[in-house]
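Colleague: Numbering (the working numbering), first residue to last: 5 to 376.
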Ligand code: AMP
């Protein structure tokens, strides 16, 4: 029987020897990575036994603008519920600390995958790129721009499906109300950002998507330079090389994304209609069918089987529903989402088996990609 009364972390203590460190209902397993102000830990929920990633932020080390950024990241994540975007499960906060509990992407970063396995075949890249595109399209439809799309922020789950992560540079936008903050990583940044101009958020993401597609297919960056000014010059001129192995259709699509004038850049709707994207009908099908399993998108439409399981675990049904309706992101909603994830995972495994994993291309070789 589980009895819960609060949404705080409870303990983050070093318990008696041999037992794992705990944060709330989570047992810490190991460190996944470290950022500037945060450490990301792999942890397991004690009730559902599901693995999660917990970003632990020491608020005392942040200035007010960075803290604001973190709160905006959380605010954005609360709005996003998509199979190709890392799902937020719970937020716990004390006076000094913030714990952001999210879905765990078991196979890590696309960046590391490419570094150890080399570039992808165009067939494999197409499947991944459809999933990435669906995630970014979903964000834009919700008036959210990511502004830091790169292979380090594209994570891979246990089934090698894409999970878009890190909304640290994310922001809300309205069409016709341009943004101006410098964002992202230089090799993925659009010319208008380098030039310090005001920009339309979605067009910025499309440029970065062009760089991402190039990296998937080539295993190297389209724009690089020994120094930032050299990189800036290449980007603002839109100069990049097309390797011999890239197909004409793929080159055509990349060239339409990497257009220096943002107003002339291809749109997401047009990318979906491009010949290269449609060359394998199973690629959009897989991305789309996974998106359709994105249930719980309607408020009040909660999974009865999950609520019943929770009831048998002694978790109050009404409080769970209230927590979900109020976007409380507390222990109740976390257990609900974690159990729901298991159902989703089961369905997604079934779908992956139906669609097949996608072959690796001949000539693929380990790649040297500089981390940004
Ligand atoms: P970040 O501070 O978000 O850049 O994350 C630091 C490191 O943790 C990165 O190397 C990420 O690959 C890893 N990481 C962050 N979130 C997750 C997650 N949800 N699943 C797996 N690894 C993650």
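C-beta: ideal position from N, C-alpha, C; glycine also. Since the structure is predicted, the reported quantities are computational estimates derived from the model, not experimental observations.
Taking 8 angstroms as the cut-off, is the CB of residue 73 close to at least one heavy atom of the ligand AMP?
Modeller: Reading the chain shown from its first residue, position 69 is the one you call residue 73. No, Cβ of residue 73 sits at least 8 angstroms from all heavy atoms of the ligand AMP.
Colleague: Quick check on residue 202: does DSSP put it in helix, strand or coil?
Modeller: As a first step, residue 202 must be located in the chain shown, where it is residue number 198. It is coil, neither helix nor strand.
Colleague: Quick one: grab the DSSP three-state call for residue 162.
Modeller: Residue numbering aside, residue 162 sits at position 158 when the chain shown is read from its first letter. In the structure shown, residue 162 sits in coil (DSSP, three-state: anything other than H, G, I, E or B).
Colleague: Please tell me whether, using a cut-off of 8 angstroms, the distance from the CB of residue 166 to the nearest non-hydrogen atom of the ligand AMP is below it.
Modeller: For the purposes of this step, residue 166 is taken as residue 162 along the chain shown, with counting starting at 1. For the ligand AMP, not one heavy atom lies less than 8 angstroms from the Cβ of residue 166.
Colleague: Go through its chain and collect everything with a Cβ distance to residue 110's Cβ below 7 angstroms, but skip five positions before and after it.
Modeller: Position 106 of the chain shown, counted from the first residue, corresponds to residue 110. Only 161, 162 meet the Cβ criterion.
Colleague: Evaluate contact between the stretch 60 to 70 and the stretch 152 to 171, counting only Cβ atoms and requiring at least three cross-stretch pairs below 8 angstroms.
Modeller: These segments do not touch.
Colleague: The alpha helix (DSSP H) that contains residue 116, what's its start and end?
Modeller: Mapped onto the chain shown, residue 116 falls at position 112. Unbroken alpha helix (DSSP H) run through residue 116: 114 to 121.
Colleague: Counting C-beta neighbours from all protein chains within 10 Å, is the total for residue 35 16 or more, i.e. buried, or is it exposed?
Modeller: For the purposes of this step, residue 35 is taken as the residue at position 31 of the chain shown. The residue in question, residue 35, is exposed, as its Cβ has fewer than 16 Cβ neighbours within 10 Å.
Colleague: DSSP state of residue 303, grouped into three classes?
Modeller: The sequence position of residue 303 within the chain shown is 299, counting from 1. Interpretation of residue 303 is limited by its pLDDT of 44, a score under 50 that renders its predicted location unreliable; the figure taken from the coordinates is listed afterwards. It is coil, neither helix nor strand.
Colleague: Report all residues from its chain with a CB closer than 8 angstroms to the CB of residue 24; omit the five preceding and five following residues, and keep chain order.
Modeller: If you number the chain shown from 1, residue 24 lands on position 20. The answer, listed in chain order, is 31, 32, 33.
Colleague: Can you give me the Cβ contacts of residue 218 inside the same chain, cut-off strictly under 6 angstroms, excluding the 5 residues immediately before and after it?
Modeller: By one-based count along the chain shown, residue 218 stands at place 214. Once the five neighbours on either side are set aside, the close Cβ partners of residue 218 are 226, 258.
Colleague: What do you reckon, is the C-beta of residue 117 under 8 angstroms from a heavy atom of the ligand AMP?
Modeller: For the purposes of this step, residue 117 is taken as residue 113 along the chain shown, with counting starting at 1. Result no, Cβ not under 8 angstroms from the ligand AMP.
Colleague: Compute every distance between the C-beta of residue 170 and the non-hydrogen atoms of the ligand AMP, then say whether any falls below 8 angstroms.
Modeller: By one-based count along the chain shown, residue 170 stands at place 166. Yes, Cβ of residue 170 sits closer than 8 angstroms to a heavy atom of the ligand AMP.
Colleague: If I measure Cβ to Cβ from residue 287 and keep anything under 7 angstroms in the same chain, skipping five residues before and after, which residues do I get?
Modeller: Walking along the chain shown from the start, residue 287 turns up at place 283. Excluding residues within five positions, the ones whose Cβ falls inside 7 angstroms are 130, 131, 134.
Colleague: Just the C-alpha distance for residue 47 and residue 148, rounded to the nearest angstrom, thanks.
Modeller: What you label residue 47 is simply residue 43 of the chain shown in a count that begins at 1. What you label residue 148 is simply residue 144 of the chain shown in a count that begins at 1. Answer to the nearest angstrom: the Cα atoms are 29 angstroms apart.
Colleague: Just to confirm the assignment, what range does the alpha helix (DSSP H) spanning residue 141 have?
Modeller: For the purposes of this step, residue 141 is taken as the residue at position 137 of the chain shown. From DSSP, the alpha helix (DSSP H) with residue 141 extends over 126 to 145.
Colleague: Which residue from 264, 77, 319 puts its Cα closest to that of residue 90?
Modeller: Against the chain shown, residue 90 aligns to sequence position 86. Cα-wise, what sits closest to residue 90 is 77.
Colleague: Do residue 228 and residue 236 come within 9 angstroms of each other at the CB atom, strictly closer than that value?
Modeller: Walking along the chain shown from the start, residue 236 turns up at place 232. Walking along the chain shown from the start, residue 228 turns up at place 224. Result no, Cβ atoms of residue 236 and residue 228 do not sit closer than 9 angstroms.
Colleague: Using 8 angstroms as the cut-off, classify the Cβ of residue 108 as near or not near the heavy atoms of the ligand AMP, replying yes or no.
Modeller: Position 104 of the chain shown, counting from 1, holds the residue named residue 108. Yes, since a heavy atom of the ligand AMP falls inside the 8 angstroms radius drawn around the Cβ of residue 108.
Colleague: Roughly how many angstroms separate the alpha carbons of residue 139 and residue 246, rounded to a whole number?
Modeller: Residue numbering aside, residue 139 sits at position 135 when the chain shown is read from its first letter. Residue numbering aside, residue 246 sits at position 242 when the chain shown is read from its first letter. Roughly 27 angstroms between the two C-alpha positions.
Colleague: Verify the contact flag: residue 348, CB atom, against every heavy atom of the ligand AMP, threshold strictly below 8 angstroms.
Modeller: Working through the chain shown from its first residue, we reach residue 348 at position 344. Not so, every heavy atom of the ligand AMP lies at least 8 angstroms from the Cβ.
Colleague: Is it buried or exposed, residue 303, if we count other Cβ atoms within 10 angstroms and call 16 or more buried?
Modeller: Sequence index remark: in the chain shown, residue 303 carries index 299 (1-based). Reliability fails at residue 303, whose pLDDT of 44 lies under 50, so the model's placement of it is uncertain and the value that follows must be treated cautiously. By the neighbour-count rule (16 or more Cβ atoms within 10 Å), residue 303 is not buried but exposed.
Colleague: Taking only runs of the beta strand (DSSP E) that begin and end inside the stretch 27 to 93, which ones reach a length of at least 3 residues, in chain order?
Modeller: DSSP runs (the beta strand (DSSP E)) wholly in the stretch 27 to 93: 30 to 38, 42 to 49, 55 to 62.
Colleague: Under 8 angstroms Cβ to Cβ from residue 251, same chain only, skipping five residues before and after it: list those, please.
Modeller: Taking the first residue of the chain shown as position 1, residue 251 is located at position 247. 126, 280.
Colleague: Would you say the beta carbon of residue 385 is closer than 8 angstroms to some non-hydrogen atom of the ligand AMP?
Modeller: The structure shown has nothing for residue 385, since the chain only spans 5 to 376.
Colleague: Select from 278, 209, 61, 51 the residue whose C-alpha is nearest the C-alpha of residue 152.
Modeller: In the chain shown, counting from the first residue as 1, residue 152 sits at position 148. The residue with the shortest Cα to Cα distance from residue 152 is 209.
Colleague: Please name the residue or residues paired with residue 101 in a DSSP beta bridge.
Modeller: What you label residue 101 is simply residue 97 of the chain shown in a count that begins at 1. In DSSP, residue 101 forms a bridge with 62.
Colleague: Our contact map puts residue 343 next to residue 52 with C-beta atoms below 8 angstroms; I'd like the distance itself, whole angstroms only.
Modeller: For the purposes of this step, residue 343 is identified with residue 339 of the chain shown, where counting begins at 1. For the purposes of this step, residue 52 is identified with residue 48 of the chain shown, where counting begins at 1. Correct: roughly 6 angstroms between the Cβ atoms.
Colleague: Pull up the distance between the alpha-carbon of residue 391 and that of residue 103, whole angstroms please.
Modeller: Only positions 5 to 376 of the chain appear in the structure, and residue 391 is not among them; the question remains open.
Colleague: Consult DSSP for residue 262 and reduce its assignment to one of helix, strand or coil.
Modeller: Looking up residue 262 in the chain shown gives position 258. Coil at residue 262, not helix or strand.
Colleague: Using a Cβ-Cβ cutoff of less than 6 angstroms, which residues in the same chain neighbour residue 207 once the five nearest sequence positions on both sides are dropped?
Modeller: Within the chain shown, residue 207 is the residue found at index 203, counting from 1. Excluding residues within five positions, the ones whose Cβ falls inside 6 angstroms are 266, 269.
Colleague: With DSSP as the reference, label residue 176 as helix, strand or coil.
Modeller: Position 172 of the chain shown holds residue 176. Residue 176 falls in the strand class under three-state DSSP.
Colleague: In angstroms, rounded to a whole number, what distance separates the CA positions of residue 333 and residue 94?
Modeller: Against the chain shown, residue 333 aligns to sequence position 329. Against the chain shown, residue 94 aligns to sequence position 90. Cα-Cα distance, rounded: 4 angstroms.
Colleague: Whole angstroms are fine: how far does the CA of residue 58 sit from the CA of residue 43?
Modeller: Counting from 1 along the chain shown, the entry for residue 43 is found at position 39. Counting from 1 along the chain shown, the entry for residue 58 is found at position 54. Their backbone Cα atoms lie some 8 angstroms apart in a straight line.
Colleague: Work out the CA separation of residue 41 and residue 73 for me, nearest whole Å.
Modeller: Working through the chain shown from its first residue, we reach residue 73 at position 69. Working through the chain shown from its first residue, we reach residue 41 at position 37. Approximately 12 angstroms, taken between the alpha carbons.
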